[in-house]
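Protein chains in written order, with the numbering used here: chain A, 2 to 342; chain B, 74 to 228.
Even glycine gets a Cβ: it sits at the ideal position worked out from N, Cα and C.
Keep in mind it's a predicted model, so treat the numbers as computed, not measured.
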Amino acid sequence: MNHVVPAPAQSTVGRKLRTSLNIYDTELIDFLFIMSKKLENVISIRDFDRDGLLSILEMARAAEGTNNSDLLKGHVLGIMFIEPSTRTRLSFGAAMVRLGGEVLDFGDPSRSSLQKGESLADTIKTFSSYCDVMTIRHPLEGVARLAAQIAGIPVINAGDGANQHPTQTFLDLYTIQKTCGGLDNLKVGFIGDLRYSRTVHSLAEALSWFDDELYFISPEVLKAPGYLLEELEEKEVAYDQFNSPEDVLSELDVLYCTRIQEERFADRLEYEQVKSCYRIRKSLLEECGVKQSLKIMHPLPRVDELADDIDNTPYAVYFQQARNGIPIRQALLSMLLQKNI
Amino acid sequence: MDKRKKQVELNVSAIRNGTVIDHVDSKATFQVARIMQVEKEKNKILIGQNLESRQLGSKGIIKIENRRLTADEANKIALIAPEATLNIIEDFAVVEKVKVKLPNQISRVVKCYNPRCVTNNEPVDTYFEITDSKPPILRCGYCERVMKGSDVILK
Numbered sequence: 002m003n004h005v006v007p008a009p010a011q012s013t014v015g016r017k018l019r020t021s022l023n024i025y026d027t028e029l030i031d032f033l034f035i036m037s038k039k040l041e042n043v044i045s046i047r048d049f050d051r052d053g054l055l056s057i058l059e060m061a062r063a064a065e066g067t068n069n070s071d072l073l074k075g076h077v078l079g080i081m082f083i084e085p086s087t088r089t090r091l092s093f094g095a096a097m098v099r100l101g102g103e104v105l106d107f108g109d110p111s112r113s114s115l116q117k118g119e120s121l122a123d124t125i126k127t128f129s130s131y132c133d134v135m136t137i138r139h140p141l142e143g144v145a146r147l148a149a150q151i152a153g154i155p156v157i158n159a160g161d162g163a164n165q166h167p168t169q170t171f172l173d174l175y176t177i178q179k180t181c182g183g184l185d186n187l188k189v190g191f192i193g194d195l196r197y198s199r200t201v202h203s204l205a206e207a208l209s210w211f212d213d214e215l216y217f218i219s220p221e222v223l224k225a226p227g228y229l230l231e232e233l234e235e236k237e238v239a240y241d242q243f244n245s246p247e248d249v250l251s252e253l254d255v256l257y258c259t260r261i262q263e264e265r266f267a268d269r270l271e272y273e274q275v276k277s278c279y280r281i282r283k284s285l286l287e288e289c290g291v292k293q294s295l296k297i298m299h300p301l302p303r304v305d306e307l308a309d310d311i312d313n314t315p316y317a318v319y320f321q322q323a324r325n326g327i328p329i330r331q332a333l334l335s336m337l338l339q340k341n342i
Numbered sequence: 074m075d076k077r078k079k080q081v082e083l084n085v086s087a088i089r090n091g092t093v094i095d096h097v098d099s100k101a102t103f104q105v106a107r108i109m110q111v112e113k114e115k116n117k118i119l120i121g122q123n124l125e126s127r128q129l130g131s132k133g134i135i136k137i138e139n140r141r142l143t144a145d146e147a148n149k150i151a152l153i154a155p156e157a158t159l160n161i162i163e164d165f166a167v168v169e170k171v172k173v174k175l176p177n178q179i180s181r182v183v184k185c186y187n188p189r190c191v192t193n194n195e196p197v198d199t200y201f202e203i204t205d206s207k208p209p210i211l212r213c214g215y216c217e218r219v220m221k222g223s224d225v226i227l228k
C-alpha cells in the first residue's frame, strides 16, 4: 500500500518557512511538515522518539534569528503559570511576540477564581477557550497532561512539579547539537543533584535515543534514581557513576551541572552536608586536563557550584543555552499551531 | 475432576449460581474479599484460605452467590492475585472459566502513591500504564511515577 505524503506546499507554515526563513531543502520541509502534523501537545520528553526530538531541533534551527516575523499573526498564546518563573515565562512570551503572535497572561493566581475554590479543570477549560495554544506551569505533577485532555487546544508543559520540563530538555539538546556538532558519540557527564533534578532525568532519557555514554557524578545521597538507571539499562545505554569529578572530567565532551536544590530536602542537615560538595572552577578543569572542546552547561540559576571564572572561557555555553530557549519555543509554537493555520 | 480437586472443592460448599474466584494466592485471600466488598454482600459468601493447591502450594477460594464481577473488580484482583481464575457458575456447573488478566492500562481502581500527583489533589480519575505484569509495574498516566509491590494502593 502506498502511503500518501501530504504536499508541504499546502501548509501555510511550510510555505512561509520556506520563503521567510530561507529553507530550500524540500526533504527537510517534508520531514518537518509530517512531524508537525503528529505533534498535538508537548507534555513529556517520554512522548518523543529520536525522529520526534530531531524534528523539533531542526525547526528550531530554521527559526533561529527570527525576530520580526508574522508567521503566527492572529494567534494568541495563553501563559498560565501557577508557580514562579523568570526564564521560561519570558522566553515563551518573547518567542510568540517575535513570530507576530500575541500573549494572554493568566497573571497572579491569587487574583483568579482559583482563590474562590474553582476547580483547576474548570479554570483550565475557561482560560483555554480564550487562546489558540497554551503553556502551563504548576507545582502539582501531571497537571499539564490533565490540561491537554481538557483544553481543546495544544498545551505545552512548562514544568509540572518535579516531573517534567520538556522545553528545557529540547533547549539542552539543541545546545549540545549546536556546540558539539551533533548528538551522537558523546561522553556526557551530569554533576550535582542527580536525585531530584528533573532536567537531569529528562535529558538523560532524551539522550538514550542517541549513541552516547553517560556519566553520573554525585555524592551518595544525591545519586541518580534507580528507575532512571533501570530504564537506561533496558535501552542498553552505556553509563557509569562516580563520586568525584576528578575521576572522569578529562573524558567528557559535555559537563551538565545542576544546583543542589535546597527546597527539595526534607532534612535540613542532609542539605547542609552536601550543599557545597562540588565547585567547578577553571583551575580544576586545568588540573584535570579536560578536552579543549569540553562544553559546560547549566540550566541556571546557579549558586556556587559553577565558578564565574569559567564564564569567559570557551567551555562555558550556559548563557547561550538560556538564549536557545527562544528558537526552541518558536519551533514548538509554530509546529503546534500549524493545524490551525 | 480428580479426587484431590474434589476434596478441595468440598472444603468450601458449592454455590448454585454466581462466581468462584479460585487460585488466589493464600495471603491475598482477604484482600480479594475486600475488593468484592463482601461486608456489604447480602448473598451467600464462602471463603476458604490455606487450601491445598498443586499449582500454588497453598491457595484461597472465594465463592459469591448471584454475583458477576465488574471489569474494575477483575482488574483489581489481577493486580494482587495474578494467578486467580474466575469461574462462572450456573446451576452448580462451571459454564465459563477465565484467568484474570491485567489490561495494558488500568483506570480508577488504583491510587497514585505520589502525594504531589494531580490525581491526589484534584477530582481526577487515575489511570496507569501497566509496563510489566508479573510482578505488576504501573506508571501513573499523569505524574509518570512508577509503582510496584507495596506502592500499589487499591482505591
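C-beta neighbour in chain A for residue 202 (chain B), strict 8 Å: no
Range covered by the alpha helix (DSSP H) that runs through residue 60 (chain A): 51-64
Environment of residue 136 (chain B) [buried if 16+ CB atoms lie within 10 Å]: buried
With 16 other Cβ atoms within 10 Å as the buried cut-off, status of residue 131 (chain A): exposed
The segment 124-142 of chain A in contact with the segment 312-327 of chain A per 3-pair CB rule at 8 Å: no
Cβ of residue 120 (chain A) within 8 Å of any chain B Cβ: yes
Nonlocal neighbours in the same chain, by C-beta distance under 8 Å from residue 194 (chain A), ignoring five residues either side: 201, 219, 223, 259, 260, 261, 262 and 265
Nonlocal neighbours in the same chain, by C-beta distance under 6 Å from residue 156 (chain B), ignoring five residues either side: 96
C-beta neighbour in chain B for residue 206 (chain A), strict 8 Å: no
Touch test, the segment 91-102 of chain A against the segment 325-340 of chain A, Cβ-Cβ under 8 Å, three pairs minimum: yes
Segments of 4+ residues assigned as alpha helix (DSSP H) that fall wholly inside the segment 198-271 of chain A: 199-208 and 227-235
Cβ pair count under 8 Å reaching 3, the segment 102-114 of chain B against the segment 150-170 of chain B: yes
Residue 167 (chain A) classed as buried or exposed, judged by whether at least 16 other C-beta atoms fall within 10 angstroms: buried
Strand pairing of residue 209 (chain B), partner residues [DSSP]: B:206
Local Cβ density within 10 Å of residue 107 (chain A), reported as buried at 16 or more and exposed below that: buried
Any 3 or more C-beta pairs closer than 8 Å across the segment 241-258 of chain A and the segment 199-218 of chain A: yes
Nonlocal neighbours in the same chain, by C-beta distance under 8 Å from residue 115 (chain A), ignoring five residues either side: 83, 121 and 124
4-residue-minimum alpha helix (DSSP H) runs that sit fully inside the segment 101-166 of chain A, ordered along the chain: 121-129 and 144-151
Length of the line joining the Cα atoms of residue 240 (chain A) and residue 231 (chain A): 11 Å
CA nearest to the CA of residue 149 (chain A), picked from A:141, A:330 and A:158: A:158
Contact list for residue 222 (chain B) against chain A, beta-carbon separation under 8 Å: The premise fails here: residue 222 (chain B) is roughly 13 Å from chain A at the closest Cβ pair, so nothing lies under 8 Å.
Three-state secondary structure (DSSP) of residue 193 (chain B): helix
Chain B contacts made by the segment 161-184 of chain A, where a contact means CB separation under 8 Å: 161, 162, 163, 164 and 165
Where the beta strand (DSSP E) through residue 80 (chain A) begins and ends: 77-82
Residue-chain proximity (residue 196 (chain B), chain A), Cβ-Cβ < 8 Å: yes
Unbroken stretches of the beta strand (DSSP E), 3 residues or longer, contained in the segment 121-187 of chain B: 130-138, 158-163, 166-172 and 178-180
Nearest neighbour of residue 154 (chain A), chosen from A:109, A:126 and A:184 [CA to CA]: A:126
Short-range partners of chain B found in the segment 129-150 of chain A, where Cβ spacing is below 7 Å: 141, 142, 143, 144, 146 and 147
Run of the alpha helix (DSSP H) containing residue 190 (chain A), from where it starts to where it stops: It is not in any alpha helix (DSSP H) - residue 190 (chain A) instead sits in the beta strand (DSSP E) that spans 188-192.
Start-to-end residues for the alpha helix (DSSP H) that takes in residue 283 (chain A): 283-289
Residue 341 (chain A) to residue 35 (chain A) span [Cα, whole Å]: Only weak support is given to the placement of residue 341 (chain A): the predicted model assigns it a pLDDT of 34, under 50, and the value that follows is read from those uncertain coordinates. Between residue 341 (chain A) and residue 35 (chain A), the C-alpha separation is close to 15 Å.
Test: residue 47 (chain A) CB closer than 8 Å to a CB of chain B: yes
Start-to-end residues for the alpha helix (DSSP H) that takes in residue 326 (chain A): 326-338
The segment 175-194 of chain B / the segment 218-227 of chain B touching (three or more Cβ pairs under 8 Å): yes
Paired residues, beta bridge with residue 219 (chain B) - DSSP: B:212
For residue 89 (chain A), the first and last residue of its enclosing alpha helix (DSSP H): 88-99
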